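The structure appears below as structure tokens.
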Amino acid sequence: MSGAAARLAPVLSSLAAIAGALLVGGLFLEARGKDAVGGYRLMVERGLGSSFGLTEIAIKAAPLLLVGAGLLIALKAGVWNIGVDGQFLIGALAAGVVAPGLSGTLPNAAVLLLAALGGAVGGLAWATIPALLRVRFGLNEIITTLVMTSVAINLSAWLVKGPLKDPDVVPPQTRLLAKAERVPDIPGTEVHAGLIAGLVAVAGVAVLFGATVPGFRLWVLGQNPRAARHAGMDVGRLTAGALLASGALAGLAGANDVLGVRGLFQANWNPGYGLAGFALVYLARLRPLVVIPVAFFFSFLLLGGDLMSRARDVPTQFVEVLEGLMLVFFAVAVALERGRWPHRRRSAAVEGSPGPLPAQASGEAA
Amino acid sequence: MTPTTTRTIRERVASDAVAAADPALIEARGIGKRYGAVRALDDVTVAIRRGEILGLLGENGAGKTTLMNVLGGMTAPDAGAVLIEGRPVRIGTPRDALRLGIGTVYQHFALVPTLTVLENARLGVGGPLARTPGAVERRLAEVGRQLGMDVPPGAVVGHLSLGQRQRVEIARALVRGARVLLLDEPTSALSPPEVDGLMATLRELRARGVAVVLITHKLGEALRLCDRVVVLRQGRVAGDLDADILDGDSTVAERRVVDLMFGGSGVAAPPPTSGVPADARAALAVRGLVVRGDGGDAAIRGLDLAVRAGEVFGIAGVDGNGQTELADAIAGQRAPSAGTIAVDGVEIAGRGVGAAATAGVGYVTGDRIGEGSVAAASVAENLALKEVGSGGEGSRFWLDRRGMERRARAAIERFAIRAPGPATPIGRLSGGNVQKVLLARELARVPPLLVCHQPTHGLDARTARDVLTALRAHADGGRAVLVISSELDDLLAIADRIGVLVDGRLAATVARVDVDADAIGRLMVGGHVSAPDRRPA
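Taken in order, these protein sequences are the chains called A and B.
Just remember that this note's numbering sits 415 ahead of the position in the first sequence, which is counted from 1.
Just remember that this note's numbering sits 18 ahead of the position in the second sequence, which is counted from 1.
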């Protein structure tokens, strides 16, 4: 029958969503009087046709892979961690404080590892409050994680303007790490080792869900929380675990950007990886190994957005428009796909299409 | 007298009566409705006259609710027609039904709790009523006066009692001009005084010429209130009782209705079991159990139960009398608010699913799709759902996929599960095969106490027999089995003893050899066992 067509459908929907977003995004540009075709050509020529472009893509892919790995864990378990940006910022701030604070007291590798750990703990801590509220009181994590992001943006800005500010400079920021103190490059490249952390994280998630008992339980929870409870699984612990792991990886992504790229944490800096993470993880159909190429593609888009904004005077927010459009087109494509292959309807979740919203209060213990 | 001849004679009598009186206000004629292989309604003809209260009785699955949904515009029939005052009408949507003057009051009310009574009454009102300012308000006041309603129009619905909400529902239907009122199990959520109030309201409506259809399984209430009773059985009209019988001796009327509801079910002789000695070890001992339902009200209200090793104990009863809550409590999925549950002497009440499973409880849930299985997971994964990581054969951390597949192959063979293979998603299997997977999952652990809720619901006859045979065999191996089923035939086929669950309590416990379907049926609908039926079990 249409077995092959049914297998191809998810790939086609994802590609159609990307194409649709690029097309409509291009129309926006044209409507604003910009040359869309020229802009896209610039993205491809400078992004893919130069070693500078390829290096930049690899560097920018690292935080996307880390955030994507965290979102995979949460979303596969049916936990909606909307607060990636907040966890990212707290993680980044923690790394930006720990690394200069320890620098010189320990070997540089140890400083970096402790700072990375600090970043992960920061992100995890930021996810703890929504996790507790969800498990103890059944509060919807969509709301709490979202609200926690607003708190994180303002709290981190205040901290870096006050108590954690580098007193030797005027702008509100942590002390700048010297180039030699940052994450070293992968030998033979100009790409720092954060990329390896990102790839390992995604591979780890693939193993978690493919071959381990905790991964299986998280997946069952995401597929049918009532069945998880019926089978005697500790639904509260699994929910909290998914949210905390997701937060820790977001925090690690923050540490990656501070320790590998920027060397410091600045007030009001927010790269907004949360939206990119959601778009890329859904376009990859919640499949860990598909997340890797999609992360590189999103990294290409981010770089392209930078290039276009410099060369063509396109607003930097254009990439966020593209990400948002992709999510919208993806939702439409999935709806169409389900209509066309109705026999797949019940098993559609296998392919990692957006699952139902988490049931209110389904996480409480008996 | 066989049911078939009963039906033919009665139908003719009924249709003669209809022809003689003024034409029915509303008539369902020759209605048929299939769901897959199940005939929910088969050539059903029912007529309701102006100023009449008609009771629609029948077991679960007899077709009562389907018929009501057809009249209310929720379900399109496959065959037949609905006539209003002799004229065929098309009821495609609930809105059509309202326009034609058919109002429905569902078991679970359809009011918006945060709005006031008046605002609820205004919802969805169209036509001149909506265009005239204050019209709904005036109609509501008028209807309220007629019904003697004690609810101010400004009251927020969420603050009202269930009985008050129901009166608001009825008033809302009348505001919209309902001439026919359909009520689905209207007394199930009400306290006894509220039931009396509802009856008074319905009598008042009858006096004003409204036709009332009352769907219920409570025999006593139907006999007290209704002018006529139609009994559905397996989607067909099994017969009806008119005022002559209803006004006569109530035990005679009761017996007739039970005959029509349950009679002639063709169950074979008692099961070939020698019976379990009364002093056998109690594998399950439940004392003073109180369990709240999802709504917060007590669904199990002080239940005592003992199931012995080697015995199948059946719990009979109409759905919604606490079955799910009882099963959930024993399986550790619901914490009781009072009482004890001991399995082989180990107390497990309120200690969670893990404690219950460790103590020896296996649980085949009545909600196979909703909580028993994960549709997207394979047969092998579903079979391993409860044991995975428990340290039995595989590792606690690594998933033993090879072992899962091997055990799945064995289960597929042993239980004749029709699945292409262990890797097939369970969502692609038929209901009967899903049930076999669930049963295989529990039996693989050889639980000293197996609880099985709705073992044969939606299964074809052969699969149902296989499932029942497996349950009986489990008990014959010296384990205890608790079967909770609204299908009386299941229990009569395999149970040693049967307890009848009514309103969260066991109304009676009888030995299988002492009873027949009629006796249990009477108990299920709130009647009593006559002396010869009852013997201490």
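Ideal Cβ positions, reconstructed from N, Cα and C, are used throughout, including at glycine.
Given the structure is predicted, the values throughout are model-derived calculations rather than measurements.
Listed by chain order, chain A residues near residue i by CB distance under 9 Å
i      : result
B/R414 : V628
B/V371 : R644, H645, A646, G647, M648 and A781
B/Q472 : Result: empty, since nearest Cβ-Cβ is about 14 Å, beyond 9 Å.
B/L129 : Within chain A, no residue comes near B/L129; the closest Cβ sits about 21 Å away, beyond 9 Å.
Proximal chain A residues relative to residue i, where beta-carbon distance stays under 8 Å
i      : result
B/Q453 : Here the premise fails: no neighbours, minimum Cβ distance about 15 Å.
B/T383 : H645
B/A375 : G647
Beta-carbon neighbours of residue i, restricted to chain A and to distances below 7 Å
i      : result
B/L391 : Per the sequence shown, the amino acid found at residue 391 of chain B is Ser instead of Leu. Correct list: A642.
B/T442 : Per Cβ cutoff of 7 Å: no residues; B/T442 is ~10 Å from chain A at best.
B/G388 : R641
B/L500 : Within chain A, no residue comes near B/L500; the closest Cβ sits about 17 Å away, beyond 7 Å.
B/L401 : Those within 7 Å of B/L401 in chain A number zero; the least Cβ separation is about 11 Å.
Residues that DSSP places opposite residue i in a beta bridge
i      : result
B/P106 : B/L101
B/C244 : According to DSSP, which records beta bridges pairwise, B/C244 is partnered with nothing at all.
B/F557 : Outside the modelled stretch of chain B, which goes from 19 to 555, sits residue 557 of chain B, for which no answer is possible.
A/S518 : A/L521
B/I318 : B/V309
B/L201 : B/V123 and B/L232
B/E365 : B/A360
B/A302 : Rather than Ala, the amino acid found at residue 302 of chain B in this sequence is Leu. DSSP output for B/L302 lists B/V325 and B/V361 as bridge partner(s).
A/Q681 : A/Q588
Under 8 Å by beta carbon: chain B residues contacting residue i
i      : result
A/V729 : Chain B residues near A/V729: none, gap ~42 Å exceeds 8 Å.
A/V696 : Within 8 Å Cβ-Cβ: nothing; A/V696 doesn't reach chain B, min ~18 Å.
A/V550 : Those do not exist, as A/V550 stays about 15 Å from chain B at its closest Cβ, beyond 8 Å.
A/V615 : The premise fails here: A/V615 is roughly 19 Å from chain B at the closest Cβ pair, so nothing lies under 8 Å.
Contact set between residue i and chain B, taken where Cβ atoms lie within less than 7 Å
i      : result
A/F631 : V406 and L417
A/V494 : Those do not exist, as A/V494 stays about 17 Å from chain B at its closest Cβ, beyond 7 Å.
A/V439 : Chain B residues near A/V439: none, gap ~32 Å exceeds 7 Å.
A/V620 : The contacting residues do not exist; A/V620 stays about 15 Å from chain B at best.
A/V749 : Here the premise fails: no neighbours, minimum Cβ distance about 15 Å.
A/V426 : Chain B residues near A/V426: none, gap ~19 Å exceeds 7 Å.
Contact under 9 Å by Cβ, residue i with residue j
i      : j      : result
A/A531 : A/A670 : yes
A/F712 : A/L695 : yes
A/V499 : A/L486 : yes
B/R497 : B/A301 : yes
B/P14  : B/L461 : There is simply no residue 14 of chain B to check, as chain B begins at 19 and stops at 555 in what is shown.
A/R632 : B/G372 : no
A/T520 : A/I544 : no
A/V452 : A/G441 : yes
B/G90  : B/T63  : no
B/F331 : B/I516 : yes
A/R597 : A/G675 : yes
B/G350 : B/I366 : yes
B/L417 : B/I435 : no
B/P443 : B/E423 : no
B/A240 : B/G81  : no
A/F503 : A/G609 : no
| Just checking, does the segment 344–355 of chain B make contact with the segment 366–386 of chain B on the three C-beta pairs under 8 Å criterion? | By the Cβ rule, the segment 344–355 of chain B counts as touching the segment 366–386 of chain B, because three or more pairs are nearer than 8 Å.
| In chain order, which continuous runs of the alpha helix (DSSP H) of length 4 or greater are located wholly inside the segment 153–199 of chain B? | Within the segment 153–199 of chain B, the complete alpha helix (DSSP H) runs of at least 4 residues fall at 153–165 and 180–193.
| query | Which whole runs of the alpha helix (DSSP H) in the segment 582–663 of chain A are 4 residues long or more, in chain order? | reply | You should have 609–626, 628–638 and 640–645.
| message | Just to confirm the assignment: which complete beta strand (DSSP E) runs, minimum length 3, are found wholly within the segment 373–423 of chain B? | response | 379–382, all fully within the segment 373–423 of chain B.
| query | Is there contact here, the segment 385–399 of chain B with the segment 445–455 of chain B, by at least three beta-carbon pairs under 8 Å? | reply | Segments in contact, yes.
| said: Within 8 Å, do at least three Cβ pairs link the segment 123–143 of chain B to the segment 164–172 of chain B? | reply: A contact exists between the segment 164–172 of chain B and the segment 123–143 of chain B.
| Using 8 Å as the Cβ pair cut-off and three pairs as the minimum, do the segment 75–88 of chain B and the segment 243–252 of chain B touch? | Contact holds: three or more Cβ-Cβ distances are below 8 Å.
| message | In chain order, what are the residue ranges of uninterrupted alpha helix (DSSP H) at least 4 long that sit wholly in the segment 453–505 of chain A? | response | Counting only runs that start and end inside the segment 453–505 of chain A, the alpha helix (DSSP H) elements of at least 4 residues fall at 466–491.
| request: Decide yes or no for the touch test of the segment 305–317 of chain B against the segment 266–277 of chain B: beta carbon pairs closer than 8 Å, at least 3 of them. | output: The segment 305–317 of chain B, when compared against the segment 266–277 of chain B, does not touch it at the 8 Å Cβ threshold.
| task | Would you check if the segment 534–548 of chain A and the segment 506–513 of chain A touch, i.e. whether three or more CB-CB distances between them fall below 8 Å? | result | Contact between the segment 506–513 of chain A and the segment 534–548 of chain A is present, with at least three C-beta pairs closer than 8 Å.
| query | Hey, is the segment 503–518 of chain B in contact with the segment 321–336 of chain B, meaning 3+ C-beta pairs nearer than 8 Å? | reply | Segments in contact, yes.
| Pairing CB atoms from the segment 678–694 of chain A with CB atoms from the segment 614–628 of chain A, are three or more of them under 8 Å? | At 8 Å Cβ cutoff, the stretches do not touch.
| message | For the pair the segment 521–528 of chain B and the segment 260–267 of chain B, tell me if three or more CB-CB distances fall below 8 Å. | response | With the cut-off at 8 Å, the segment 521–528 of chain B and the segment 260–267 of chain B do not touch.
| query | Can at least three beta-carbon pairs, one atom from the segment 191–201 of chain B and one from the segment 146–166 of chain B, be found at a separation below 8 Å? | reply | Look at the beta carbons and you see the segment 191–201 of chain B touching the segment 146–166 of chain B: at least three pairs across the two are nearer than 8 Å.
| said: I'd like to know if the segment 172–186 of chain B and the segment 212–219 of chain B are in contact, where contact means that at least 3 CB-CB pairs between them fall below 8 Å. | reply: Contact between the segment 172–186 of chain B and the segment 212–219 of chain B is present, because at least three Cβ pairs lie under 8 Å.
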